[in-house]
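Novice: Have a look at this one.
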Amino acid sequence: MDMQETWDLSPLFKSDDDLAMKKARKEIEEKHKVFVGKWKQRSDYLQDPLIMKQALDEYENLMRFYGTSGAEGYYFSLREYLDQANPLIKARVNNVDAWSKAIQNEIHFFTLRIAKIPHVEQQKFLKHPQLKKYEHFLERMFTEAEHVLSEPEENLLNLLTTTSYDNWVKMVSTFFSKESRIIFDEEGKENSHTFEALQGLLESSHEPVRSSAARAMNDILNKHSDVVESEMNSILAYKKTVDQIRKFSRPDSSRHLSDDVSSEMVDTLVASVSASFHLSERFYALKAKILGLSKLQYYERNLSYGTLNQKYSYEESVNLVRKVLHRLDTEFGAIFEQFLKEGSIDVYPREGKHGGAYCIHNLMSHPTYIMLNHVGRLQDVKTLAHEVGHGINNELMKKQQHALSFDTPKSTAEVASTFMEDFVFEELERGSNPEQRLALLIFKLNQDVSTVFRQIAFYNFEQELHIEYRNKGYLAKEIIHALFLRHMKAYMGDAVDFSGGGDAWWEYIPHFRDFFYVFSYASGLLISKSLQAKVRKDPSFIIKVKEFLSAGTSDSPRNIFLKMGIDITDKEFWNQGLKEFERLIDETTALAKKLGKIK
């Protein structure tokens, strides 16, 4: 099958100046005008469940096909991912954003008024059979009601988000995307590498390449550190202000509410993983010994062992992932083939393109897009599987959900991605000899430790960062550096040396701008491991996995998993998953001794 390696955005628009944009914008404005004109002056839908059903059906149709920025907003956000420094695209993004926010403010009354339905009246809506498909949508709005402001206040906050938050974050991301440095590569030739490509070189088997890449990254981070200090303090101030006026008791409360999980559940997860940091410390000490190093440099934390530095072309990566997906489920495979054929994946890094990897979706009526920065590492094979997992999740939801439950809470968003990743790892592991198996085990532990222990260390850092800011009013970059360094040392231990840099490396990590998101990586992988075990024991359990992947926000994560026999509020559930790490470390240690790598 032919594979497109760049995005085909023509299902949205054919060009930046497609005449169809004006027509689409006018249609969105008209559809919203009709809805607002019909419902804004009415209150009967707030008393009568049958009229509520009619209003929600019309609102759902609006959100399914139009949203508030339609295909135009999606199109230019994708264009900006590919060309962050282009001022013409930035102008179009800002134009669409301002237009969209005006529409959002016009229609915001609808959900705000539903949220404010008196508590004594709520049950007649939640229990009415005609509103069954909207039950959890209503439950969530009623739960969020105590943090909802008046309509004018909500509209003002919506407008201020762009200048008080979005523009700051985009600015810093753009600065890093435009950076490149010339260093010697593995062949001893001088080459220019983007900031994103430098991160890949940190895993080179050649120490001079790794250290040169790290120095180049430190140079870039130091160059922008004063600006990043201002950015971070500005968005911390924004977060503090919003939390205060919404009456959230702690900095991460709004995240838990939006993710449809309890703070107690997240606290249990964070405490369980933090209490097990001795496992990640043990892993880094073991890896340093196997690699013959007295200590690992911080930037070497993901350093591979053995022959896994081989290059994987994109075609080879696709074939590995394809094989696994078709074996797991024919529908998984079919969705992947669709992505490849229809230009849903943008593959290679280039100057100006956003770093990292993402799966991006908008309305139910729009295509899913996946962004990679594939440079041929083994990690890039897993990244492809990871992002395709998100994409499969999106496409399965489209088939089962309506527009008001077409979403995945961040608390469980990483289940699909890590589920696919781990089965790809098993495919890589098949038929390996003992030496190759040791290399694969270390690679696996690199990734899993980063997904669980590193992300919870990030979460602990974020919690302290927000609390310190709220206590002091401003945090100099040196204070943030020290906080970050302390939390990285907490999970990495004495086998890791930070003298080669690392304290400033929080600056480019996008997750700290998406406040308190990182716990979902840990919860996602630990839940995923439970699902994987069930599928290995009984392959027909994949049907249950697909039910979860199709569920969207039709119910709370806790209820969805309880139906599958999993209680995500029980600390023993998390502890059972953490025991898998101890088993893997024991297995890796025993194999390394057998091969004579350690005593």
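Numbers 741 to 1339, taken from the working numbering, label the letters of the sequence shown in order.
Ideal Cβ placement from N, Cα and C applies to all residues, glycine included.
Can you tell me the Cβ-Cβ gap for Gly1317 and Lys1269, rounded? I've got them flagged as a contact below 8 Å.
Specialist: Contact between Gly1317 and Lys1269 holds: their C-beta atoms lie close to 5 Å from each other, under 8 Å.
Novice: Is Lys1029 closer than 7 Å to Ile1338 when the C-beta atoms are compared?
Specialist: yes
Novice: Identify whether Gln1272 lies in helix, strand or coil by the three-state DSSP scheme.
Specialist: helix
Novice: At what residues does the beta strand (DSSP E) containing Ile1110 begin and finish?
Specialist: 1109 to 1111
Novice: Taking the straight line between their C-alpha atoms, what separation do you get for Gly813 and Asp837?
Specialist: Inter-residue distance for Gly813 and Asp837 is about 7 Å (C-alpha atoms, whole angstroms).
Novice: Measure the CB-CB distance between Tyr1038 and Gly1292 and report whether it falls below 7 Å.
Specialist: no
Novice: Please state whether DSSP places Leu1335 in a helix, a strand or coil.
Specialist: coil
Novice: Which runs of the beta strand (DSSP E) fall wholly inside the segment 1098 to 1134 and span at least 3 residues, in chain order?
Specialist: 1098 to 1100, 1109 to 1111
Novice: Write down every uninterrupted run of the alpha helix (DSSP H) in the segment 778 to 840 whose length is 4 residues or greater and which is fully enclosed by it, in chain order.
Specialist: 789 to 805, 810 to 822
Novice: Between the segment 944 to 951 and the segment 959 to 973, do at least 3 Cβ pairs fall closer than 8 Å?
Specialist: Between the segment 944 to 951 and the segment 959 to 973 there are fewer than three C-beta pairs closer than 8 Å, too few to call the two in contact.
Novice: Answer yes or no: do Lys841 and Leu889 have a C-beta to C-beta separation smaller than 7 Å?
Specialist: no
Novice: Is the Cβ-Cβ distance between Glu1345 and Ile1075 less than 7 Å?
Specialist: With the chain represented from 741 up to 1339, any question about residue 1345 goes unanswered, as that position is not in the structure.
Novice: Assuming Glu846 and Val776 make a contact with CB atoms under 8 Å, what is their CB distance in whole Å?
Specialist: 5 Å
Novice: Keeping to the same chain, check which residues put their C-beta closer than 7 Å to that of Ser952; ignore five residues upstream and five downstream.
Specialist: Ile923, Phe924
Novice: So Glu891 and Phe850 are supposed to be a Cβ contact under 8 Å. How far apart are they, rounded?
Specialist: About 10 Å separates the two Cβ atoms, so there is no contact after all.
Novice: Are at least three pairs of beta-carbons, each pair with one atom in the segment 1140 to 1150 and one in the segment 1288 to 1304, less than 8 Å apart?
Specialist: yes
Novice: DSSP beta-bridge partners for Phe735?
Specialist: Residue 735 cannot be examined here, being either before or after the span of the chain that is shown, 741 to 1339.
Novice: Does the pairing of the segment 1052 to 1063 with the segment 1203 to 1216 give three or more beta-carbon distances under 8 Å?
Specialist: Touching, no.
Novice: Below 8 Å on the Cβ atoms is my guess for Ala724 versus Thr1191; work out the distance and round it to an integer in Å.
Specialist: Any question about residue 724 goes unanswered here, given that the chain covers just 741 to 1339.
Novice: Given a cut-off of 7 Å on the beta-carbon distance, is the pair Lys1217 and Ser970 in contact?
Specialist: With contacts defined by Cβ atoms closer than 7 Å, Lys1217 and Ser970 do not form a contacting pair.
Novice: Spatial neighbours of Leu1031 within its chain, please: C-beta separation below 8 Å, excluding the five flanking residues on both sides.
Specialist: Leu1043, Tyr1045
Novice: Can you list, in chain order, the residues of its chain whose CB lies under 6 Å from that of Thr1328, leaving out five sequence neighbours each side?
Specialist: Leu1181
Novice: Does the Cβ of Pro1279 have 16 or more other Cβ atoms within 10 Å, making it buried, or fewer, making it exposed?
Specialist: By the 10 Å Cβ count, Pro1279 comes out exposed.
Novice: Please classify Leu1335 as buried or exposed, where buried requires at least 16 other C-beta atoms within 10 Å of its C-beta.
Specialist: exposed
Novice: If we require 3 or more residues per run, which beta strand (DSSP E) segments fall completely within the segment 1131 to 1205?
Specialist: Counting only unbroken stretches of 3 or more residues, no beta strand (DSSP E) element lies wholly within the segment 1131 to 1205.
Novice: Classify Asp992 as helix, strand or coil using the three-state DSSP reduction.
Specialist: coil
Novice: Have a look at Gln1187, Val1189, Ile1220 and flag the residue whose alpha-carbon is nearest the alpha-carbon of Glu1202.
Specialist: Ile1220
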